[in-house]
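J.:
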Amino acid sequence: MKKKNETKPTNKPVHRIRVGAVSCSVFLNKTKEGTEFPSAIISRSYKSGDSFKDSNSYGARHLAELAGLVASLQSWMTSNYPEAAK
């Protein structure tokens, strides 16, 4: 149970990609030295009743979407943060 004065993190995604039901959000993190590097959270959306939910489980039918998403994600990260890819 959340406390009344508890706040959510303010770190917002700097980039989002969606391929079919699979999507990712890219966040910037910093090392102790202050160097920024991207990290991604990948999830799959699905409908349950009248609401949408997220999962990090992927079936065979999602693999092509997942592969396309990861390829796009790699391209974006290496183009925008080439030092992080080394």
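Positions 1 to 86 (the UniProt record's numbering) are the ones given, in order, by the sequence shown. Even for Gly, the Cβ is constructed at its ideal location relative to N, Cα and C.
Taking just the CA atoms, how far does V14 sit from K30?
T.: So the two alpha carbons sit approximately 14 Å from each other.
J.: Quick one, which of Q74, K86, L28 and G34 has its alpha-carbon nearest N11's?
T.: Here the closest residue by C-alpha is L28.
J.: Between the Cα of R61 and the Cα atoms of E83, A40 and R44, which residue gives the shortest distance?
T.: Of E83, A40 and R44, the residue nearest in Cα terms is R44.
J.: Who are the near neighbours of T78 in its chain, counting only those whose CB is closer than 7 Å to its CB and skipping five residues on each side?
T.: Here the set comprises A85.
J.: Are the beta-carbon atoms belonging to S25 and I41 less than 9 Å from one another?
T.: Taking 9 Å as the Cβ cut-off, S25 and I41 qualify as a contacting pair.
J.: For G20 and E83, which I take to be in contact (beta-carbon distance under 8 Å), what is that distance rounded to the nearest angstrom?
T.: Incorrect: roughly 31 Å between the Cβ atoms, too far for contact.
J.: Taking just the CA atoms, how far does W76 sit from T35?
T.: Approximately 18 Å between the Cα atoms of the pair.
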